[in-house]
Amino acid sequence: MTSVLFDDGNFWMPYRQFGCHGNEEEEEEEEEEEEGRRRRRRRRRRRRRRRRRRRRGEGEGEGEGEGEGEGEGEGEGEEKKKKKKKKKKKKKKKKKEEEEEEEEEEEEEEEEEEEEEEEEEEEEEEEEEEEEEEEEEEEEEEEEEEEEEEEEEEEEEEEEEEEEEEEEEEEEEEEEEEEEEEEEEEEEEEEEEEEEEEEEEEEEEEEEEEEEEEEEEEEEEEEEEEEEEEEEEEEK
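The sequence shown runs 2 to 237 under this note's numbering.
The following block contains the structure:
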């Protein structure tokens, strides 16, 4: 059987308009069931869209009107009893549909809760990952600082060693200078001693010469005396 669904959700049933025959009640029930399913699907889509908008922070969507009016062709020659029966059936179906809708809403709420829980878990996981990354970065920074401190300590130790070596070299140089000075002093002392010895030798030599001269003089004097004596004797 052919039927057309308009934009407002209403059905147009050609078999009524053009007087098609068949089991009208069954066909109406089928059409109503299909229409109810379509309405529920539209509601679910709208609710999902509203939920998405809420989650995105865009505010709640405005409720859209639900086209539930049925464009029914004019039934010809329908009895009141049949209408009451149909009305009763419709009420029953409406109640059933409402119950189904409530169940679907509960299921959707559960799905929403599950989605929210999943989102919360994902957020927690992201936070944990961020914390871990921060901890890793802090550890890396600490390691770098420790390495820098170690390098600085090594440099300081090297500088201290160099200073100690320089001091030792200076001390060695000072000792060498002192030794040289001592040697020079000793040499000077030796030279002085040699000079003194030479002077003493010269003095001794001079004294010897003087003594020799004195002796010579004495000898000459004696000779002169002897000569005088001889002369005197001769004169006598």
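C-beta: ideal position from N, C-alpha, C; glycine also.
What is the DSSP secondary structure of residue i, counted as helix, strand or coil?
i: R46; result: helix
i: R38; result: helix
i: E193; result: helix
i: R57; result: coil
i: G66; result: Residue confidence is low: G66 scores 41 on pLDDT, short of 50, so the model does not pin down where it sits. No coordinate-derived value is stated.
i: E153; result: helix
i: E233; result: helix
i: E222; result: helix
i: E27; result: helix
i: E227; result: helix
Cα-Cα, which of the options is closest to residue i?
i: E26; options: E109, K85 and E158; result: K85
i: R56; options: E222, E215 and E120; result: E120
i: E28; options: E80, G58, R46 and K87; result: K87
i: R48; options: E112, K93 and K82; result: E112
i: K95; options: E221, G37, E220 and E179; result: G37
i: R51; options: E139, E110 and E98; result: E110
Enumerate, from N- to C-terminal direction, the unbroken alpha helix (DSSP H) stretches of 4 or more residues contained entirely within the region 70–136. none
Within the chosen definition, does the region 98–116 reach the region 28–45 through at least 3 CB pairs nearer than 8 Å? yes
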